[in-house]
Each structure stands twice: as C-alpha cells, then as structure tokens.
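Be aware that the sequence shown starts at 90, since it is given in my numbering, and climbs by one per residue. Before any comments, here is the structure.
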Amino acid sequence: MIHYKEIAKIMGGLLMLLTVLMLPGIAFSFYFNSGDQRALISAALASLTIGGLLFFSFSKQDQNIRKREGYLIVSLSWLFMSIFGMLPYVLMDNPMSISDAVFETISGLTTTGATTMVDIEIMPQGILFWRSMTQWIGGLGIIVLTVAIFPLLGIGGIELFVAESPGPTSDKLHPRIRETAKRLWLIYVGLTITVIVLYFLEGMTFFDAVNHGLTTMATGGFSTKNDSMAFYDSELIQYTAIVFMFLAGTNFTITYFGLQGKWDRVWKSDEFRAYLFTLIILAVLLSVPIFVYGNHSVEQSFRNSLFQVVSLITTTGYITDDYTLYHPGVTLVFFMMLFLGASAGSTSGGIKFVRHLTFFKNSYLEFKRIVHPRAVIPLKINGDRVTGKIITHIMTFLLIYLMIFVFGSIIISIMGYDLITSFGAVATCLGNVGPAIGMVGPTDNFAFFDPLAKIFLSFLMLLGRLELFTVLVLFTPYFWRAN
Numbered sequence: 090m091i092h093y094k095e096i097a098k099i100m101g102g103l104l105m106l107l108t109v110l111m112l113p114g115i116a117f118s119f120y121f122n123s124g125d126q127r128a129l130i131s132a133a134l135a136s137l138t139i140g141g142l143l144f145f146s147f148s149k150q151d152q153n154i155r156k157r158e159g160y161l162i163v164s165l166s167w168l169f170m171s172i173f174g175m176l177p178y179v180l181m182d183n184p185m186s187i188s189d190a191v192f193e194t195i196s197g198l199t200t201t202g203a204t205t206m207v208d209i210e211i212m213p214q215g216i217l218f219w220r221s222m223t224q225w226i227g228g229l230g231i232i233v234l235t236v237a238i239f240p241l242l243g244i245g246g247i248e249l250f251v252a253e254s255p256g257p258t259s260d261k262l263h264p265r266i267r268e269t270a271k272r273l274w275l276i277y278v279g280l281t282i283t284v285i286v287l288y289f290l291e292g293m294t295f296f297d298a299v300n301h302g303l304t305t306m307a308t309g310g311f312s313t314k315n316d317s318m319a320f321y322d323s324e325l326i327q328y329t330a331i332v333f334m335f336l337a338g339t340n341f342t343i344t345y346f347g348l349q350g351k352w353d354r355v356w357k358s359d360e361f362r363a364y365l366f367t368l369i370i371l372a373v374l375l376s377v378p379i380f381v382y383g384n385h386s387v388e389q390s391f392r393n394s395l396f397q398v399v400s401l402i403t404t405t406g407y408i409t410d411d412y413t414l415y416h417p418g419v420t421l422v423f424f425m426m427l428f429l430g431a432s433a434g435s436t437s438g439g440i441k442f443v444r445h446l447t448f449f450k451n452s453y454l455e456f457k458r459i460v461h462p463r464a465v466i467p468l469k470i471n472g473d474r475v476t477g478k479i480i481t482h483i484m485t486f487l488l489i490y491l492m493i494f495v496f497g498s499i500i501i502s503i504m505g506y507d508l509i510t511s512f513g514a515v516a517t518c519l520g521n522v523g524p525a526i527g528m529v530g531p532t533d534n535f536a537f538f539d540p541l542a543k544i545f546l547s548f549l550m551l552l553g554r555l556e557l558f559t560v561l562v563l564f565t566p567y568f569w570r571a572n
C-alpha cells in the first residue's frame with residue numbers, strides 16, 4: 090500500500106522550500122523596480138499556502154518511505170515544482186501562455202535551457218532571476234537539496250536519493266546519505282559563488298554575474314542576453330565559463346577527491362579520463378574546419394570549438410558561435426554530441442559517459458568471448474567488476490533512450506515540423522541540452538512550436554532529467570499493485 094499521506098506531507102515541505110527560493114527574485118524585483126513584484130509575491134504566497142496546508146495537515150505522518158514511494162515522490166516533486174514554479178510567468182504584466190510557462194519552467198528545472206522567450210533582454214529582472222534560479226535548483230536535484238537541508242524525509246532519504254539519481258554509479262562521499270547530500274551541495278554552492286565572483290571581476294554586471302553563475306554550475310545555459318555568452322566579447326569570461334562548465338560536468342565525487350588533493354583517485358576514474366580526452370580531441374579536431382570555413386584567428390577558432398564542445402557535452406547550452414553555419418559535417422558532429430552527456434553524479438543531463446564506456450567495453454569484450462567461449466572475461470570500470478545486472482540496466486537504458494528518440498521524432502514530425510527540426514528538438518529536450526539543429530539551432534528558440542508540441546517536449550525533458558526509469562516505472566501495472 091502506498092503511503093499517500095506521507096507523500097502529501099513531503100509535497101507540502103517542498104512547496105514551502107520553493108517559497109524560500111523565490112525570495113531572492115522578489116528582492117531583485119524591488120531593487121530594480123522591474124514591475125514583476127506582484128507576480129513573484131503572489132506565486133510565493135500560493136506556494137506557501139498550499140504547501141503549508143499539505144504539510145501541517147499531515148505533519149503527524151511518520152511512515153517509512155520505501156522504494157515505490159521514493160519514485161512517486163520524486164516524480165510528483167518535479168511536477169509540483171513545475172506547476173507552482175510557472176506561476177510568476179503567468180501572473181506577470183505581460184503573461185506567458187500556459188504552454189509557454191510550463192515549457193520555460195520545466196526547461197529551467199531540468200536544466201535544459203531551451204526557451205520560448207523571443208526577446209530575453211526586455212524581460213523584468215525578477216523574472217529573469219527566477220528563471221536562472223529554477224536551473225540552479227534543478228542542477229543537483231530538488232530532492233538532493235531537501236535531503237541535505239531538512240530532516241523532513243527521515244530514513245526514506247536514501248530511496249529518494251537513488252530514485253532521483255538512478256545512474257549506474259552509486260558513489261557516496263559519506264556512509265550517511267544526508268551527509269553525502271550536504272557535501273555535494275557545499276561543493277555546488279562553493280563553486281557557484283566562485284564563478285559568480287570571477288564573472289563580476291571579469292566585467293559582467295553583478296546581476297548578470299549572479300545569473301550566469303547560477304546557470305553555469307547548473308549546466309543549464311539560461312542567459313540574461315539574447316546572444317548568450319557571445320554577448321560578452323571577452324576571452325577571459327569565455328575561458329572561465331569553459332572551466333566551470335567542465336567542473337559542473339565532472340562527477341562531484343571526483344571533484345571532492347580533487348579538492349582533497351587525492352589525484353590518484355581522480356585519475357583512477359575511467360569515466361573522467363574518457364570525458365576529458367573526448368573533450369580535448371573533439372575540440373582540437375573541430376577547430377580545424379571552424380578555422381577553414383570561418384573568418385577567425387587560430388586562437389578564436391580553437392576557443393569557439395572548445396566552448397561549444399564543452400557546452401554541448403556538459404548539456405549547458407551556452408553559445409558563442411553558430412556551429413550550423415559551417416560544413417554540414419561539423420553540424421552533424423555537434424548534433425551527435427547531444428547524445429553524450431558528461432559524467433554521472435554531475436549536474437549535466439544526457440546519457441552520460443559511464444554508460445557509453447560500459448557499452449563499448451562490453452561490446453569489445455564480446456568479440457573476445459566469441460573467440461574464447463569458455464573463458465570468463467569480466468567487464469571492469471575503475472578496476473571494479475561490473476555486474477551483469479548493471480550491464481543489463483545500461484543496455485536497457487540505451488535501447489529505451491533510442492526508442493524514445495525515434496518515436497518522439499516521429500510524433501513531432503507528425504505535428505507538422507520538418508524532420509531535421511524534429512530530430513533536433515527531441516534530441517536536445519531528451520538530453521537536456523538546449524540548442525540543436527534545424528529550426529532549433531544555437532540562435533533559435535522554441536516559441537514557434539504549437540502548445541501540444543511544447544507540452545510533449547516538456548515531458549521529454551522530465552524523462553531525460555530523471556533518466557527514464559523513475560518516470561516510466563509509474564506507467565507499469567507492477568508499480569501500482571498492492572504488496
């Protein structure tokens with residue numbers, strides 16, 4: 090039996106947390122007198138009221154959260170946060186449509202970075218800050234934040250942590266899950282403050298530095314400028330963004346070891362080495378056609394190549410250059426990056442390098458097993474043997490991911506959009522990236538999609554952010570059968 094009252098209590102706690110997170114946006118709104126105070130205050134009061142009613146109505150509930158409740162709570166938490174998170178967009182003076190507000194909010198919380206805003210720079214500052222804050226909230230996950238700060242979830246925290254971060258690795262920085270979540274958020278907050286300070290010292294206004302700092306570490310890519318990072322014609326700012334996008338795409342366990350000076354633990358990670366070398370190789374190779382076909386210096390060609398490679402692979406989605414203007418082969422390579430993702434245990438979306446690494450290693454070993462059918466040839470990642478259960482999980486994930494991409498592209502094309510745009514929109518939303526190809530290239534937006542298409546793409550964003558299984562399991566009959 091599912092403990093619905095316990096779930097309702099947790100939803101209430103999350104909505105009250107959402108109220109607190111809206112407060113900085115209200116402060117910016119008053120400071121700039123941007124005219125969106127009423128929208129933000131009304132949204133905060135709505136979240137506080139509904140959240141308080143749910144929490145205090147069921148505050149005496151103290152039942153253990155099992156794995157089944159964990160999956161349901163995580164999915165519902167993202168749904169509730171999306172519904173109440175969109176309120177500022179629909180309550181402001183020039184309100185968005187419901188479909189646009191849903192798309193913008195889910196794009197923020199899932200750190201996708203796709204937008205329906207045609208002119209970002211005319212938007213009020215309070216709304217822009219809330220837009221960036223949604224990405225920062227979703228960077229390490231709503232549940233991880235809650236487990237780190239509040240004892241509200243009790244011993245059920247481990248089930249929620251696993252349900253929201255269902256990747257193939259299970260590294261923890263501390264035996265207690267709450268301590269792990271705290272340390273993850275300390276690293277996250279520390280790096281965010283660092284990059285904000287650097288952006289400010291390098292020439293951004295304080296408001297822009299805060300917004301870009303939040304969305305850089307979240308690997309979200311929302312910007313306060315229509316031209317994204319291309320607006321800042323500064324080598325220093327762009328290289329700073331590259332470094333921190335790379336760090337945000339690195340497994341935070343690896344970052345923790347690096348901060349402690351345990352470089353042997355860092356270099357032992359097969360995923361980290363694959364992630365690092367792939368970025369370097371692709372950046373060097375793509376800088377050649379960018380130099381040949383573009384009117385750039387050698388340094389700028391390499392910088393544009395490195396920036397876009399890091400931005401797409403980490404699923405940040407910032408842009409400094411339109412990669413679709415070069416050779417079609419260059420565009421195709423950048424499109425393929427939408428299916429990579431960075432490291433498991435990072436703020437990036439996508440498939441993740443550890444899954445690709447496991448797939449290719451296992452495929453290679455399969456040739457050995459054909460030649461030596463009686464030999465026991467184990468698959469190892471980071472020197473540890475990968476169990477058959479994990480291999481099956483990864484292979485299933487990759488197959489389902491591919492199926493969703495294919496069928497999603499078919500659905501979008503049936504709605505009347507050309508095939509290239511359909512491929513690009515589905516790939517970038519499912520991978521939580523932002524820019525893609527076709528009519529959703531680096532300099533485009535998603536405003537032209539009809540409401541039904543926007544809702545469908547929003548669902549794909551949630552699927553991708555929660556890595557498929559957490560959401561899809563809710564659609565199976567086994568999940569709802571009583572024990």
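Backbone N, C-alpha and C define an ideal beta-carbon position, used for all residues, glycine too.
Around the C-beta of F169, 16 or more other C-beta atoms lie within 10 Å, and the residue is accordingly described as buried. Contact between the stretch 433–442 and the stretch 461–481 is absent, with fewer than three C-beta pairs closer than 8 Å. Counting only residues of its own chain and dropping the five nearest sequence neighbours on each side, F218 has a CB closer than 6 Å to the CB of G114, F117. Counting only runs that start and end inside the stretch 142–198, the alpha helix (DSSP H) elements of at least 4 residues fall at 156–174, 176–180, 187–198. The DSSP assignment places complete alpha helix (DSSP H) segments of no fewer than 4 residues inside the stretch 271–309 at 295–306, in order along the chain. Taking 4 residues as the shortest admissible run, the stretch 384–472 contains the following complete alpha helix (DSSP H) segments, listed from N- to C-terminal end: 387–402, 417–426, 442–460. Proximity to M492 across L549, T200, R458 peaks at L549, based on C-alpha coordinates.
Secondary structure of R362 (DSSP, three-state): helix.
Excluding residues up to 5 positions away in sequence, F391, S394, L395, V398, V399 lie with their Cβ nearer than 8 Å to the Cβ of A372 in the same chain. Inclusion of G523 and T510 in the CB contact set at 8 Å is not warranted, their separation being larger than that value. Counting along the chain, H482 sits inside the alpha helix (DSSP H) bounded by residues 477–503.
Residues of the same chain with a CB within less than 8 Å of the CB of K357, apart from the 5 flanking positions on each side, are N471, G472 in chain order. When DSSP states are grouped into helix, strand and coil, R570 belongs to the coil group. Put simply, the stretch 328–338 touches the stretch 298–307. At least three CB pairs are less than 8 Å apart.
Taking C-beta atoms as the reference points, T108 and G159 fail to come closer than 8 Å.
The C-alpha of K98 is placed about 14 Å away from the C-alpha of I91. Bridge partners of R127 according to DSSP: none are assigned. Fewer than three pairs of CB atoms, one per stretch, sit closer than 8 Å, so the stretch 188–203 makes no contact with the stretch 283–303.
Looking at D189, G513, V163, I162, the one whose alpha-carbon comes closest to that of S547 is D189. Among the bridge pairs identified by DSSP, R474 is matched with K469. The beta carbon of A536 is closer than 7 Å to those of T205, V207 in its chain, skipping five residues each way along the sequence.
For G114, the enclosing alpha helix (DSSP H) has its first and last residue at 93–121. By the neighbour-count criterion, in which a residue is buried when 16 or more other Cβ atoms sit within 10 angstroms of its Cβ, A464 is exposed. The three-state secondary structure of G530, taken from DSSP, is coil. The C-alpha of G418 is placed about 35 Å away from the C-alpha of L561.
When secondary structure is reduced to three states using DSSP, F535 falls in the coil class, being assigned neither helix nor strand. Within the model, the alpha-carbon separation for S146 versus S435 is close to 36 Å. The distance from the Cβ of N340 to that of A433 is about 6 Å, consistent with a contact at the 8 Å cut-off.
When only Cα atoms are considered, F448 and I130 end up about 49 Å apart. The continuous alpha helix (DSSP H) containing Q327 extends over residues 324–337. If you draw a 10 Å sphere on the C-beta of T420, you find 16 or more other C-beta atoms in it, and that means buried. With a 10 Å radius around the Cβ and a threshold of 16 neighbouring Cβ atoms, L110 comes out buried. Burial check for E95: the Cβ neighbour count within 10 Å reaches 16 or more, so the residue is buried.
Of all alpha-carbon atoms in T413, D297, M181, F311, the one lying nearest the alpha-carbon of G228 is that of F311. Shown here, T204 sits in coil according to DSSP, grouped into three states, outside any helix or strand. Straight across, the Cα-Cα distance linking T223 with I459 is about 50 Å.
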